[in-house]
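**Student:** Got a structure for you, questions after.
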Amino acid sequence: MKTLKTLLLYALLVLALPAQAENMLMVRVHDDFEETMIQLKSTLNDYGYRIAHIQKCDGGLSGFGYKTDLYKSVFFGKFQEMRRLTREHPEIIPYVPLKIAVMKEKDTVLLVAMNPTTLEPLFPDPDLRIQFERWESDIRAIFEEMREKQKL
Amino acid sequence: MNRFLAALALLLLPSALWAAPDGEALYTRHCSVCHNDNGMGGIGLPLNGEKLEHFSRDYVFKTIRNGRPGRVMPPFIKLSDAQVNAIVDHVMSWRKTPPQRWPETPVQGNPQNGERLFKEKCTACHGEDGKSNGLGTGVTLSRERKFKVVPPALNNIGFLRSATDSWIRYTIRNGRPGTIMPSQKDFGISDQELDDLVAYIRQFEKKHDARPKPEQEPPTLVFDSPYDFVTTVSNLKETLKGLNFRYFPDRYMEMGLAPDDQINKKQLSLRFCNFNLLYKMINIEPRLGVILPCRVTVVEEDDGSVKLYLMNMKVATQLFNNDQLSALAEEMHENLMELIEEATL
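Chains as they are written, first to last, in my numbering: chain A, 1 to 152; chain B, 1001 to 1345.
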């Protein structure tokens, strides 16, 4: 029975591993830009995050004669988490709040976030490691929901 | 309890180990983000149309495994062989003809003559030393570029490890129908000269192995300010103006996450962009927004001392796996250091 338990644990571990260690987490959504922004806001809220603010990027770039489709960055986080982390691990400050870049590509919208676990080797700390992993799994789940919610 | 575990194991194991992977779903998840639906192209090259008729299964399989180090595409090492094969099958299902194979036998040629030909016929598109003459990768979507499809880097180790000599030769001989890549006829070269070009391209592999590894740097740069919080902030603002940065409204770190009266007012982020540089960088890497805008966060510690925190752009840009971007990150880094130096003088 012990071996079975080990085997089972192993099976669960294998299942829990990320499909692939990517530096960037990305999802392509087949929807218009505004609809995607609305869905993203509500999905982030469902996962307990607050949107700190939304930065428009296309305006600044087109002012320089740059032809852009819509491009926005969504900054999000959790108040208590932010307070604790910036106090206990101030070196994480430039990397929070978390961010998702939202960009239109023709008839689709691409959502991209830095994969927090790629920071693990740069910040070798067990506490942060747990935090990075939690963030990664949240962002993956949020992107998965965005994929499911898209109008096809 | 034990029986429960056994049942659970029986339930989980077969599905985990024996279910046939769904190539289309895997493509959607792992590839369409860059290569777009049905391989139309995006940050990644187009994979559909006539060119696909000239791809082998083996080339696509190896490309997925090797990725393109320094050219955006990551290596997919954690997918199982069955999963990679399912993706290859899915991509190959867009073809009209059955897949061909190319022999593994190396092509013999004169690399010196190949180099001469390459400089004459290829660098206009594939760049000095085969590193690509385009900005960024893939196809133009929202970005204005010289090339509609950016010529791939031929000195790329992921490409070289995935392509056989005979297939590279075949590609130069036939060109890429449906793309701007010309053929042997257009180049006006002999069969021997084809071999020489292949021999030259193959040499890039040795040069890659000789490249120095980048030094490991800290992800965050921390500086002490000799001034108090308010003076530091106003110095930074003055310097930003002088250095011609576009400047966005300041934000407290916790702003927007809690009511204004609860947030820490001793952590202030100054946010800015150097649009000239940014323009170049976003052309190269459309996903750059993930680390923008640039910012310096000023923090007053409990003892009254003041520290500045910055993202180390040289480290953060490495995450994009994009050599062209990493080269510009140096410039951005120097910009930021100038700012800090002046403001904390």
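Don't be surprised by glycine CBs; every beta carbon is placed ideally from N, CA and C.
1. Closer than 9 Å, Cβ to Cβ, to anything on chain A: give me those residues from the region 1297-1323 of chain B, in chain order.
2. For B/Val-1149, write down the residues that DSSP places opposite it in a beta bridge.
3. Can at least three beta-carbon pairs, one atom from the region 1321-1329 of chain B and one from the region 1227-1235 of chain B, be found at a separation below 8 Å?
4. Here's the rule I'm using: 16 or more other beta-carbon atoms within 10 Å means buried, otherwise exposed. How should A/Leu-4 be labelled?
5. Would you kindly check if the distance between the Cβ of A/Tyr-71 and the Cβ of A/Val-102 is under 9 Å?
6. What is the rounded straight-line gap between the Cα of B/Lys-1213 and the Cα of A/Phe-75?
7. Does any CB atom of chain B fall closer than 9 Å to the CB of A/Phe-75?
8. Consider the Cβ of B/Ala-1258: report whether some Cβ of chain A lies at a distance smaller than 9 Å.
9. Under 9 Å between C-beta atoms, does A/Asn-23 make it to chain B?
10. Out of B/Met-1313, B/Ser-1080, B/Arg-1295, state which residue places its alpha-carbon closest to the alpha-carbon of B/Met-1281.
11. Round the Cβ separation of B/Leu-1292 and B/Leu-1270 to the nearest angstrom and send it over; I've been treating them as touching at under 8 Å.
12. Give the list of continuous beta strand (DSSP E) stretches no shorter than 3 residues that lie fully inside the region 1255-1286 of chain B.
13. Rounded to the nearest angstrom, how far is the Cβ of A/Leu-122 from that of B/Pro-1219, given a contact under 8 Å?
14. For B/Phe-1055, which option in B/His-1126, B/Arg-1071, B/Pro-1177, B/Leu-1135 has the closest C-alpha, if you only look at C-alpha atoms?
15. Classify B/Leu-1308 as helix, strand or coil using the three-state DSSP reduction.
16. Which residues bound the alpha helix (DSSP H) around A/Tyr-71?
17. Could you spell out where the beta strand (DSSP E) holding A/Met-108 opens and where it closes?
18. Let me know the secondary structure DSSP gives B/Thr-1123 once reduced to three states.
19. Measuring only the C-alpha atoms, how far is B/Pro-1152 from B/Pro-1046?
20. Would you mind telling me which residues of chain B sit closer than 7 Å to A/Lys-99, beta carbon to beta carbon, in chain order?
21. Per the contact definition of three or more C-beta pairs closer than 8 Å, is the region 1116-1123 of chain B in contact with the region 1030-1040 of chain B?
22. If you run the structure through DSSP and keep just helix, strand and coil, what is A/Arg-147?
23. Taking the alpha carbon of A/Met-146 as the reference point, which residue from A/Glu-105, A/Glu-35, A/Pro-94 has its own alpha carbon closest?
24. Buried or exposed: B/Ala-1082, going by 16 or more other Cβ atoms within 10 Å of its Cβ?
25. Quick one: Cα of A/Pro-126 to Cα of A/Glu-133, how far?
26. Just to check my reading of the structure: B/Asn-1156 and B/Pro-1069 have Cβ atoms closer than 8 Å, yes? What is that Cβ distance to the nearest angstrom?
27. Relative to the C-alpha of B/Val-1198, which residue among B/Ala-1163, B/Met-1073, B/Arg-1211 is closest?
28. Can you grab the Cα-Cα spacing for the pair A/Met-114 / B/Ile-1189, in whole Å?
29. Just checking: is the beta-carbon of B/Phe-1204 within a distance shorter than 9 Å of some beta-carbon in chain A?
**Tutor:** Taking the geometry as given:
1. Thr-1297, Val-1299, Glu-1301, Lys-1307, Tyr-1309, Leu-1310, Met-1311, Asn-1312, Val-1315, Ala-1316, Gln-1318, Leu-1319, Phe-1320, Asn-1321
2. By DSSP's assignment, B/Val-1149 forms a beta bridge with B/Val-1139.
3. Because the criterion of three Cβ pairs below 8 Å is not met, the region 1321-1329 of chain B and the region 1227-1235 of chain B do not touch.
4. Low confidence applies to A/Leu-4: its pLDDT is 43, below 50, so where it sits in the model is not reliable, and the reading given next is rough at best. Looking at its Cβ environment, which holds fewer than 16 other Cβ atoms inside 10 Å, A/Leu-4 is exposed.
5. yes
6. 33 Å
7. yes
8. Closer than 9 Å to some Cβ of chain A, the Cβ of B/Ala-1258 qualifies, so yes.
9. yes
10. B/Met-1313
11. Not quite, the Cβ-Cβ distance comes to about 14 Å (not below 8 Å), so this is no contact.
12. The region 1255-1286 of chain B contains these whole beta strand (DSSP E) runs: 1267-1273.
13. About 4 Å separates the beta carbon of A/Leu-122 from that of B/Pro-1219, a gap short enough to meet the 8 Å contact definition.
14. Per the Cα distances, B/Pro-1177.
15. strand
16. Not the alpha helix (DSSP H): A/Tyr-71 falls in the beta strand (DSSP E), residues 71-77.
17. Looking at the sequence itself, residue 108 of chain A is Thr, so the reference to Met does not match. Where A/Thr-108 is concerned, the enclosing beta strand (DSSP E) stretches over 108-114.
18. helix
19. 11 Å
20. Per Cβ cutoff of 7 Å: Val-1290.
21. no
22. helix
23. Checking every option, the nearest Cα to that of A/Met-146 belongs to A/Glu-35.
24. exposed
25. 11 Å
26. 7 Å
27. B/Ala-1163
28. 46 Å
29. no
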